[in-house]
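Going by our numbering, the first residue of the sequence shown is number 2, and it counts up by one from there.
All C-beta atoms, glycine included, are put in the ideal place defined by N, C-alpha and C.
Note that the structure is a prediction, hence the values are computed from the model and not measured.
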Amino acid sequence: MDPELGADVVELGMVRAVSVSPTGVVEVGLALTIAECPMRGQIESDTVRKVKALPGVTDVVVRTTAMSKGQRAELMGVARRRARENAEPTRVSPTTRVIAVGSGKGGVGKSSMSVNLAVGMADLGYRVGLLDADIWGFSIPRMLGAEARLRADDDTRLIVPLEVGGIRFVSTGSIIENEETALMWRGLMLSKALEQFLKQVDWGQLDYLIIDLPPGTGDVQMALSRLLPQAEMLVVTTPQKAAQKVAVRVADMARRSYLPVIGVIENMAGFDCGHGRTIDLFGRGGGQELADDLGVPLIASVPLDPDLVAGGDNGAPIITAKPDNPSAVVLREAVRRVVELVPPAQQETCTARIARLFDELSAVG
Ligand SMILES: Nc1ncnc2c1ncn2[C@@H]1O[C@H](COP(=O)(O)OP(=O)(O)OP(=O)(O)O)[C@@H](O)[C@H]1O
Ligand SMILES: [Mg+2]
C-alpha cells in the first residue's frame, strides 16, 4: 500500500518490473511519484518485507525510479477514481465545482483571494458557497463583514449557511463568540468542523464552492481530498523568487492529497506608488516560475494594494467595493479565467434541452 495514497502500488501502476532469479532473488522495479518522495523508505521496506514473506524468495532488491509527468498524471487519475468510489457522502452536490485555495506558506493572501473570487463569481450570477476551512485562524466573517451566528434548522437539523451578497458561507468564526473562546473549543468539536461543514450544512445547489484553506499542508488538506475528491486547487504565492522551496511544498501537498492544481495566483506583486512607478517590494516572477514548475497557467498577478487590505478589514471586498481599482480589475479577470478553466457543470439535463429545442422548432413552424 502506498501509505499516502491509500491504494496498492500495483493498482497505482507504480510496479514497473518484477524478475525472479533461479536462486530466488526477486528484483522489483518501483516508480515513485517523485525521486525525493518522503515515503520512499517506507514503501521500499514494505515491499521488501511483503515479497520476502513469499515462499521460495531468498532475497529482495528494490530499484526505484521517478515517474514521468504522464505516468504521474495517470497515477493521480487512479487515486482520484478510488477516492471518489470510497468517498463519504456530503451535502455538496456532485455537480458543484469545488475550488480549494491553498498555498505552501501562510499570509500570502489565500483568504483575501478566496473572498474576492467568491464575490466576483456571485457578481457574475453564479450560485457560490464559501467554506472557511481555516478552523483555528478563520478570517472570512471579518472579510465579508458578517457578524451573524450560525444556527441549525429546527426541522432538518442541518446548519443553515449565513448569506452575504448572495454568497452562502460557514466559518468556525461564526460559531464562537470571540477569538479567545476559540482556544477553549480546540480539540473538542473543532477537529470535526470541516467534516461537519461538508456533511451537515444545507448548501443547496451551488455552481461553485470556494474553500479557504489554512496555511501549509496539514490534516485539513488531507481530510478535504478524502471527503470531497472532486475538489481542485488554486495555489496562491507571492512574487519572491524563492519559489523553488514553495513549489516543492505545494507540489507535495497536491500529490499527497491528489488534488489537481488549476493554476497559480501571484499576489502582492508590483506596488503602484502613485507617481508613475511600480515598485516590486516582494520581487518579481515567482508566480510564473511556480506555475511553470507545476505545469499550470498563471491565472493572475494581483498588485500589492492597501485598498485590498482595507477591503478585507472593513468587510467590503475590493472586487465590488472599488470596481475601478486596478487590483479589482485584475481580480475580475482572474474570476473570468477560473470560470473558463473550471466551467460550471451544465445544470440543464439533455431531456430538458431537447424539450426546449422542440418548443423552439414548433414555435418557428
Ligand atoms: N494584494 C495585496 N496587497 C496588500 N495586502 C494584501 C494583499 N493581499 C492580501 N493582503 C493582506 O495580507 C494579509 C494576509 O492576507 P490573508 O489573510 O488573505 O492571507 P492568508 O494566506 O489567508 O493568511 P493565513 O495563511 O494566515 O490564512 C492581510 O492583512 C491582507 O489584507
Ligand atoms: Mg487565511
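Check, Outcome
"Neighbourhood of ALA32 by C-beta distance below 6 Å, restricted to the same chain and skipping five residues each side", "MET15, ARG17, THR66, MET68"
"Beta carbon shell of ligand 1 at less than 7 Å from a heavy atom", "SER104, GLY107, GLY108, VAL109, GLY110, LYS111, SER112, SER113, MET114, ASP135, GLY138, SER140, ASP213, PRO215, PRO216, VAL237, ASN268, MET269, VAL303, PRO304, LEU305, ASP306, PRO307, LEU309, VAL310, GLY313, ASP314, SER328"
"Among TRP204, LYS51, VAL120, LEU305, nearest to MET2 - alpha-carbon criterion", "LYS51"
"For ASN268, the residue or residues it bridges with in DSSP", "VAL303"
"Cα-Cα separation between GLY174 and ALA119, rounded to whole angstroms", "18 Å"
"ILE1 and ILE212 closer than 8 Å at C-beta", "Any property of residue 1 remains undetermined from this structure, which presents the chain solely from 2 to 366."
"Touch test, the stretch 127-137 against the stretch 209-228, Cβ-Cβ under 8 Å, three pairs minimum", "yes"
"Close Cβ partners of PRO261 (< 6 Å) along its chain, the five nearest in sequence each way excluded", "GLU233"
"Coil, strand or helix - LEU131 by DSSP", "strand"
"Close-in-space but distant-in-sequence residues of the same chain around GLY110 (CB under 7 Å, 5 per side omitted)", "VAL237, ASN268, MET269"
"Inter-residue CB distance, LEU295 and VAL331 (contact presumed, cutoff 8 Å)", "With 8 Å as the limit, LEU295 and VAL331 do not qualify as a contact, their Cβ atoms being about 21 Å apart."
"First and last residue of the uninterrupted beta strand (DSSP E) at GLU369", "In the structure as shown, the chain starts at 2 and stops at 366, and residue 369 therefore has no counterpart that could be examined."
"Of the residues VAL93, ASP325, GLY25, VAL63, the one placed nearest ASP208, counting alpha carbons only", "VAL93"
"Cross-strand partners of ARG64 (DSSP beta bridge)", "GLY30"
"Same chain only: Cβ atoms within 7 Å of PHE198, ignoring 5 sequence neighbours per side", "LEU132, VAL171"
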